[in-house]
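Each remark here refers to the structure printed beneath this line.
Chains as they are written, first to last, in the working numbering: chain A, 1160 to 1521; chain B, 7 to 95.
Here it is, written out as structure tokens:
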């Protein structure tokens, strides 16, 4: 077992929040078409409030900390907060669009010992990338930032979100990542807006496109294994929990709201009113999330994909029931393996009969 | 021979989890867990206390080990961690 897996198992057994994703602001200098955020500032935490949160997170034994947004460099106190976090010895990852990273900023991030910088690149073609970010010239500036970060010795990951606007450009982005010496990750997940608004979902790539993506050897190391029919789920799977959200990880918004995950906006408390550890250990909502087991899931517990589905309880929550199905993950499982998902059969059966029916004459 | 002084590097991420020190180098992302003795040496590495004093006054006091064995093990431990930029010597 690797040391990291061992650390995670220890944290799980001890109820330790090993990883926290902290969004410093929802303000942004881009307006990505698929973004789930409201970019107006409704009173984000000030410097002193965030310092206090960071101190509490360190005391709670949080090890992996991600600063994200919005665009984090829009915070005037960004580097102060990075330094504050690093003095408390967090393993710190930054998510940014890179547009504001010049040489000075890249150097400072390196000096402060930031472990990794993740930057979204939607296409190798500026007309496609810039149309998604709605910031003319953004690809050029983002690529320049990646070059600067690499020059200063930082680890950079390019995150490529796939949507209808760029679904054929992943090969180009992989080539760009290789040229720049960056790691590459891909994700076809488009989430509803954090307030529940469904408009981004129109950008989800259709089923036949998912089918292609899952069989692309550039994206999937072992296609045969990845697309194999799911094995019968055993007892350990049925007794298992869906993901680390609420178990060893959680999310904090710029307004102090604590959610199990950025993609699971169930309010469990607010650090402006309560101590973080109090929320983590005693929130009834957090306890409810922790109690979710595969065997208790409505519909999904009887699905062939129960043991292999990427079911996100956050996306299920946004569809109305955190113990219910997540339509996006049903689609992924079906397109990956060709095996029907239980939730899709339930939905089909629930559809009313056609208003107009055609019957042959006797 | 002169004394060896050790100090904790700041180019790391570190947390005590379940009684063990977890440390990741910010230089090369190598990950370490330190056992009780290693954690004791780590916590004592203030840059001012000689390693020999850490060994005799902390390790030999708290653990059933001979001074020679403790000194040798501590030396190897410090060498390994310093090669990954986790301890400064």
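The beta carbon of each residue, even a glycine, is placed where N, CA and C say it ideally should be.
- With 16 or more other Cβ atoms from the protein chains shown falling within 10 Å of its own Cβ, residue 1289 of chain A counts as buried.
- Only exposed fits residue 1384 of chain A, as fewer than 16 other CB atoms lie within 10 angstroms of its CB.
- Look at residue 1180 of chain A here: in three-state DSSP terms it is strand.
- Counting along the chain, residue 1227 of chain A sits inside the beta strand (DSSP E) bounded by residues 1223-1227.
- For the pair residue 1442 of chain A and residue 1427 of chain A, the CB atoms are nearer than the 8 Å cut-off.
- For residue 1248 of chain A, at least one C-beta of chain B is nearer than 8 Å to its own C-beta.
- Sequence-distant Cβ neighbours of residue 1318 of chain A in its own chain, meaning closer than 6 Å and more than five residues away, are 1277, 1279, 1344.
- Counting only runs of 3+ residues, the beta strand (DSSP E) found wholly inside the segment 1409-1446 of chain A occupies 1416-1418, in chain order.
- Residue contact check for residue 1434 of chain A against chain B: no CB pair falls below 8 Å.
- Between the alpha carbons of residue 1399 of chain A and residue 72 of chain B lies a gap of roughly 47 Å.
- Collapsing the DSSP output to three states places residue 1214 of chain A in a helix.
- The continuous alpha helix (DSSP H) containing residue 1263 of chain A extends over residues 1262-1270.
- Between residue 28 of chain B and residue 1223 of chain A, the beta carbon gap of about 11 Å keeps them out of contact (Cβ cut-off 8 Å).
- Pairing residue 1331 of chain A with residue 13 of chain B, the inter-Cα distance amounts to about 46 Å.
- By the neighbour-count definition (other C-beta atoms within 10 Å, threshold 16), residue 54 of chain B is an exposed residue.
- Chain order gives the chain A residues near residue 24 of chain B as 1169, 1173, where near means a beta carbon separation below 7 Å.
- When Cβ pairs closer than 8 Å are counted between the two stretches, the segment 1427-1440 of chain A is seen not to touch the segment 1481-1489 of chain A, the count staying below three.
- Using a CB distance cut-off of 8 Å, residue 88 of chain B does not count as an interface residue toward chain A.
- Straight-line measurement puts the Cα of residue 1422 of chain A at about 14 Å from the Cα of residue 1185 of chain A.
- Residue 63 of chain B is classed as exposed because its beta carbon has fewer than 16 other beta carbons within 10 Å across all chains shown.
- Annotation for residue 33 of chain B: no alpha helix (DSSP H) segment contains it, and DSSP assigns it neither H nor E.
- Contact between residue 1306 of chain A and residue 1260 of chain A does not hold, since their C-beta atoms are separated by about 10 Å, which reaches or exceeds 8 Å.
- Within the segment 1221-1233 of chain A, the residues whose Cβ lies closer than 7 Å to any Cβ of chain B are, in chain order, 1222.
- Take the alpha-carbon of residue 1204 of chain A and the one of residue 78 of chain B: they are about 50 Å apart.
- The segment 1204-1221 of chain A and the segment 1364-1372 of chain A do not touch, with fewer than 3 CB-CB distances between them shorter than 8 Å.
- Judged by DSSP in its simplified three-state form, residue 1359 of chain A adopts helix.
- According to DSSP, residue 1277 of chain A shares a beta bridge with A:1254, A:1316.
- The distance from the Cβ of residue 93 of chain B to that of residue 35 of chain B is about 17 Å, inconsistent with a contact at the 8 Å cut-off.
- Residue 83 of chain B has a beta carbon lying at 8 Å or more from every beta carbon in chain A.
- Rounded to the nearest whole angstrom, the C-alpha separation of residue 1324 of chain A and residue 18 of chain B is 40 Å.
- Three or more Cβ pairs drawn from the segment 1190-1199 of chain A and the segment 1349-1361 of chain A lie within less than 8 Å of each other, which places the two stretches in contact.
- Among the residues facing chain B, residue 1272 of chain A is included, as its CB has a counterpart in that chain under 8 Å away.
- Between residue 1269 of chain A and the set A:1396, A:1444, A:1281, A:1245, the nearest pair of CA atoms involves A:1245.
- Residue 1489 of chain A and residue 1263 of chain A have their C-alpha atoms spaced approximately 45 Å apart.
- In chain order, 1289 place their CB closer than 8 Å to the CB of residue 1295 of chain A, counting only its own chain and leaving out the 5 sequence neighbours on each side.
- For residue 1340 of chain A, same chain residues with a beta-carbon under 7 Å away, outside a window of 5 residues either side, are 1309 in chain order.
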